[in-house]
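Chains A, B and C are the protein sequences, given in the same order. This note's numbering numbers the first residue of the first sequence as 8 and each following residue consecutively. This note's numbering numbers the first residue of the second sequence as -4 and each following residue consecutively. This note's numbering numbers the first residue of the third sequence as 18 and each following residue consecutively. C-beta: ideal position from N, C-alpha, C; glycine also. The block underneath contains the structure these notes are about, expressed in structure tokens.
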Amino acid sequence: MYETTYHRASSVADAVRIAGESGGEGKFLSGGMTLLPTMKQRLAAPSDLIDLRHVPEMKGIAVDARRVCIGGGMTHGEIAESADIRAVAPGFAELAGLIGDPAVRHMGTIGGSVANNDPAADYPAALLALDGLIHTDRREVPAADFFRGLFETALEEGEIVTAVSFEAPDASAYEKFRNPASRYAMCGAYVARRGTDVRVGVTGAGADGVFRWSAAEQALTQTFDPAALDRLTVDAGLMLSDLHGSSIYRANLVTVVTKRAVAKVA
Amino acid sequence: MGVEGIGAKVLRKEDRRFITGRGRYVDDMSVPGMAYAVFVRSPHAHAKIGGVDTGAAKSMPGVVGVLTGEDLRGDGIGNLICGWMVHSKDGSPMKMGAWPALAADVVRHVGQAVAVVVARSRDEARDAAEAVAVTYEELPAVIEAAKALEPGAPQLHPEAPGNLIFDWELGDKAKTDAAFAGAAHVTKLHIVNNRLVPNPLEPRAALGQYDAADDHYTLWTTSQNPHVARLVMSAFYNVAPEHKLRVIAPDVGGGFGSKIYIYPEEIVCLWASRRTGVPVKWTSDRTEAFLTDAHGRDHVTEVELALDAEHKILGLKVDTIANLGAYMSLFSSSVPTYLYATLLSGQYDIPAIHANVRTVYTNTVPVDAYRGAGRPEATYVLERTMETAARELGVSPAELRRKNFIRSFPYQTQVIMTYDAGDFDASLNAAMAAADVAGFEARRTEAAAKGKLRGLGMSCYIEACGIAPSKAVGSLGAGVGLWESAEVRVNPVGTVEILTGSHSHGQGHETTFAQLIAERFGLPVDNVQVIHGDTDKVQFGMGTYGSRSGAVGMSAIVKALDKVEAKAKKIAAHLLEADEGDIEISGGEVRIAGTDRKLGWHEVCLAAYTGHNLPDGMEPGLKEGAFYDPQNFTFPAGCYICEVEVDPETGKTEVLQFVAADDFGRVINPMIVEGQVHGGIAQGIGQALLEGVSYDEAGQLVTASFMDYTMPRAYDLPNFVVSTTETRTPSNPLGMKGCGEAGAIGSPPAVINAITDAIGTNDLTMPATPQKVWAALKTVG
Amino acid sequence: MTAIAMVVNGREATAEVADRTLLVQFLRDTLHLTGTHVGCDTSQCGACVVHLDGKAVKSCTLLAVQASGAHVTTIEGLAPAGDLHPVQAAFREHHGLQCGFCTPGMIMTAVDMIARHDGALDEKTVRDELEGNLCRCTGYHNIVKAILAAAESTRSAGTPLAAE
């Protein structure tokens, strides 16, 4: 990687200050599971790295009744193993346990993943389906407004994802079909049900990144059963296409994977 | 057998250093003053080099030197060569294009090295490599072999018009045509054997050190055959004279063929050390490995099989185009010819065979031997065809095979080979019993009830190992002999050192070779040290590939042991005042047979070295060497049966069961043999389901990292059910055939036969990814 | 350049390193702990797995400066010199290695895996948990066997396996 200057932030305010001083060329470093490999390939060259792993305010998981708030610095492994989250939103914990591999889950954080908005990342599907909130050092943004296409978010320069929160649904589940090589989601569907209201977030498949599949939501709101999706498909023209999955194949996966998530919920 | 002799499951002596992190791989080596090399590589698949400006790079921090293709040419460093001459059927020799270690005029694949930067740290070298400015004039590129043969295709080498390297044939065309004329049934298939990347987990590395004071060179390199590396570098590349070059291949982290060859980077490190005056180390990163390690396979074949009304095979026609990439790698010509077409008779009595092979240049990474090398391609052609024929004829695949098995040995095939021993019914029966083939239809029905598609596929392979009699391979064009050497040094205290020209990079030679001593003299394997991989210690050797270390390397040790044993017996007979014919050695003791008169083994050894009381005229010492040249290839064979379940909604295939019944002849250490089979099967299943190189039309390698090239992971594979049957080969003293490649040879057709059985269409290419299987299912509704 | 200090295999290690130095480079090049290997550039092969404050991490995807202040355990520190950790012993006993290159990472991953599951592992879990470790030699068959055997021996011995 190119030369860079490392800073270890002790607080969110400290991190924001250092970022300001880096003149816009610095980057926040959380788990580093995406940023460091990118830097190793010399595809990113931040002048400064501001390490958020030692910021106490970004740690912790709080579950208050059914309100779940997860610090941006919490790792996928910590989320997957959180008994509090498992108690109210087991589907979300299961999703965290399917990210990367155990070593990646020990380092990678929810804040970093959300801020990166990789089109094949898992959390965005869940946060869309759960109507989650993204908390930053300066505001709270609904997930629907936060995720804006491939690697694009509502984050402004120097803004840090400090936490995410959501209201646990009555039931939810995640189903993931992996890219055989990278093991990222080729299609992942998070299905959340509150009463009869159903939300479906889909990642890995959409050409514009994570999306809510409204047609499926309507069908499932009427009949919460995998069979309700039998005749539904997404427009293949709106799907990603690559070596491992054409847009037509991905469109098929969206239906199959969503049905399987529904079956898990039901 | 003794507890540690032939046939015993002896735990590996070498493991302790590996499990404690004390292995010694090339990248672990440091020498004082060492600097690091980073290569400047072509971003284009095909381009003329306009100029290379090293000015900016030379002034970067930490830079020791920047060298280019012009520098290399100026120093008279020779071009890389292919060491196996193959002639076209018109008698003309193969057309070998020039391959300099650093390109000066034209680059012919993405990743080809153009310049090298040597700097004090890896990061500084990389920084400076980016500052080397190369101007390219892009040329049109061609990626697929068939397209490279078309008129008007971009031309790679002036030496090879039409990109054709050779157009070669084997077998009797007229006889085969005649056989087809009388056929009751002909099965035809179009077969693609996908291009693979070997990907040993240890990337290649080289550390070159020139010592000006002694005018001597040392190269530490990730090699399967350090002596061949030394020979080629001195005789052909003019890097250093053989007697002033020491090549060391220490612990090597897997090879699978890709570390047989002498690559540009090793040559450059050694040369750059002389040019810069500092030791130079290069370690490949994984993307460089994808771009420069020799790839494997990449065949396209039309095959036809003729059968009579009783389902006896009448003849086989094979027409193959093999993509050799941008340059001819060291043994690239032999892989799609003498290691491929010679195996097309398989386990079957085929009275007429004709194979035609065209090899072609394309703007891709050079292709050479990868685990199995030609034999997986032959097996895939034949076993896909046999399974297809059985389906077309409506007979059981096992019965069609059985009907055509060779049962009498020696058997002369129509394609050079003389099979010396085998029992194909035995392995087929063993595999079918282990796989519970009888119960399969019930399992299929059960799976269907769950919405899953089950399939069963088999493959009966034969391969040729222990390559091979030097005289024979010499007549076929090999530039080297394929014997092996060994030296057995018995120390005065009775411990033993085996020096071998074989090289272990995971095969466990330090253990299995020591077992030969345990077997012969009854000494514990702990008393034996196996020394390999250093040209200063071992006089010569041909290295390890083609499953030859057992059949050839160990045979050389046996020959040396015969001499040691004979001398030890003479000494003992003299000391015990007995006839040497009455002396026997076992359990670490040397005794007069049938008596209690004996000496300790160590006493005989000490006597050999004190020289106080030896038979008249005998030289002191107990050290013997041998060169072993095999009489024939050996022919491991077996039957593999794969059972899969396909998820029709996603196309994902799960391998539920994989059964292997192999005949490797005599087995030295069953634990190690099973491990070899496991690893081979994993690579074969990888080829069938997961792995495949993909280039875009411009010649950019799309699968250039583990993010895009699918390596088999633990959850892609089942536990394997492996067993062996045994017919000993009469061709070597141990009766062993070799086991290193069988798994990768026999498994791909078994997997694809199983999937096509499950999905009901035969139109499926490797790797059978979920996307492809799903698409294939759509075509059958 | 930044001054870093960490405890590696129970010993204090201090150095001035370039900020872009990866932990694996620091371990291999500065501390000469060459048992930790690099097999890829994309954090997938797992040959570089070490334990950072008791948890398996990929040392090729971590800067040395990030690990400053932490406790790091490498394959060399898993057991006292001359001894074998039960997982190391199981890999040998079950022939869970051939060329040995992936082995240190495999063992470090296995130790972490067994500790997190309190030794309660089955074949499927072991295979799933090996997602981040590639082996090209063994077909994983004997690696899985070795890990299951080590897990079983931990459970029957009732002692935790964690090295830290």
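* Closer than 8 Å, CB to CB, is Glu169/C near chain A or not? -> It does not: the Cβ of Glu169/C has no partner Cβ on chain A nearer than 8 Å.
* Measure the Cβ-Cβ separation of Ser542/B and His504/B and say whether it is below 8 Å. => no
* In three-state DSSP terms, what is Asn158/B? -> helix
* **Backbone CA spacing between Pro713/B and Phe653/B [nearest angstrom]** => 7 Å
* Name the chain B residues that come within less than 8 Å of Val161/C, Cβ to Cβ? -> Within chain B, the residues near Val161/C are Ala709 and Asn714.
* Asked: In terms of residue numbering, what span does the beta strand (DSSP E) encompassing Tyr205/B cover?
  -> Ala200 to Asp206
* By Cβ distance below 7 Å, which residues in the same chain neighbour Glu101/A in space, the five residues on each side in sequence not counted? -> Once the five neighbours on either side are set aside, the close Cβ partners of Glu101/A are Tyr181.
* Any idea what DSSP makes of Lys90/B, helix, strand or coil? -> coil
* Counting along the chain, where does the alpha helix (DSSP H) carrying His113/A start and finish? -> Pro109 to Met114
* Asked: Looking only at its own chain, which residues have a Cβ that is under 8 Å from the Cβ of Gln105/C, when we skip the five neighbours before and after it?
  -> In its chain, beyond the 5 residues on either side, Leu95, Ala96 and Ile124 have a beta carbon closer than 8 Å to the beta carbon of Gln105/C.
* Asked: Quick one: is Met130/C near chain A, going by C-beta distance under 8 Å?
  -> It does; some Cβ of chain A falls within 8 Å.
* Asked: Among Gly92/B, Phe659/B and Leu214/B, which residue has its Cα nearest to the Cα of Cys460/B?
  -> Phe659/B
* To do: Ignoring anything shorter than 3 residues or poking outside the segment 253 to 337 of chain B, list the beta strand (DSSP E) runs there in chain order.
  => 275 to 278, 294 to 302 and 308 to 320
* Is the segment 341 to 348 of chain B in contact with the segment 103 to 114 of chain B, if contact means three or more CB pairs nearer than 8 Å? -> no
* With DSSP as the reference, please indicate the residues paired to Ser172/A in a beta bridge. => Cys76/A and Leu140/A
* For Val37/C, I'd like the list of residues in its chain whose CB is within less than 8 Å of its CB, leaving aside the five on either flank, ordered along the chain. => The sequence given here places Arg at residue 37/C; Val does not occur at that position. Excluding sequence neighbours, Arg37/C sits near Leu80.
* Tell me which same chain residues have a C-beta within less than 6 Å of the C-beta of Lys43/B, skipping the five on either side of it? -> Val101 and Glu132
* What's the gap between the Cα of Thr530/B and the Cα of Cys62/C? -> 32 Å
* Does the count of Cβ pairs from the segment 107 to 120 of chain C and the segment 65 to 79 of chain C closer than 8 Å reach three? -> Not touching, per the Cβ criterion.
* **Euclidean distance between Cα positions of Lys47/A and Glu88/A** => 30 Å
* If you pair each beta-carbon of the segment 157 to 173 of chain B with each one of the segment 344 to 358 of chain B, do three or more pairs fall below 8 Å? -> Touching, yes, given that three or more Cβ pairs across the two stretches are closer than 8 Å.
* Asked: Buried or exposed: which applies to Asp152/A, given that a residue is buried once 16 or more other Cβ atoms fall within 10 Å of its Cβ?
  -> exposed
* **Min CB distance Gly52/C to chain B below 8 Å** => yes
* Asked: Using a C-beta cutoff of 8 Å, does Ile21/C count as contacting chain B?
  -> Output row for Ile21/C: interface = no.
* To do: Apply the 10 Å Cβ neighbour rule to Val121/A and answer buried if 16 or more other Cβ atoms are within range, or exposed otherwise.
  => Classification of Val121/A: buried, given that the 10 Å Cβ count is 16 or more.
* Would the beta-carbon of Ala745/B fall within 8 Å of that of Gly633/B? -> no
* To do: State yes or no: is the C-beta of Ala199/A within less than 8 Å of the C-beta of Pro176/A?
  => With respect to the 8 Å criterion, Ala199/A and Pro176/A are classified as neighbours on the basis of their beta carbons.
* To do: Give a yes or no on whether the C-beta atoms belonging to Pro631/B and Gly476/B are separated by under 8 Å.
  => One thing to note: Pro631/B has its Cβ no nearer than 8 Å to the Cβ of Gly476/B.
* Residues near Ile526/B in its chain [Cβ-Cβ closer than 8 Å; skip 5 each side] -> If we look at Ile526/B and ignore the five residues flanking it on each side, its Cβ neighbours are Glu492, Ile493, Leu494, Thr495, Lys532 and Val533.
* Compare the beta carbon distance of Ala140/B and Asn318/B with 8 Å and say whether it is the shorter of the two. => yes
* **Interface flag, Pro187/A vs chain B, CB-CB below 8 Å** => yes
* To do: Look up His158/C in the DSSP assignment and say whether it is helix, strand or coil.
  => helix
* Would you kindly check if the distance between the Cβ of Thr130/B and the Cβ of Gly784/B is under 8 Å? => Summary: the structure shown does not reach residue 784/B, with chain B confined to residues -4 through 776, and so no result is reported for it.
* Just how far apart, CA to CA, sit Gln502/B and Val672/B? -> 11 Å
* Asked: Is the beta carbon of Glu(-1)/B less than 8 Å from the beta carbon of Gln510/B?
  -> The criterion of a C-beta distance shorter than 8 Å is satisfied by Glu(-1)/B and Gln510/B.
* Mark Ala98/C as exposed unless 16 or more other C-beta atoms lie within 10 angstroms of its C-beta, in which case mark it buried. => exposed
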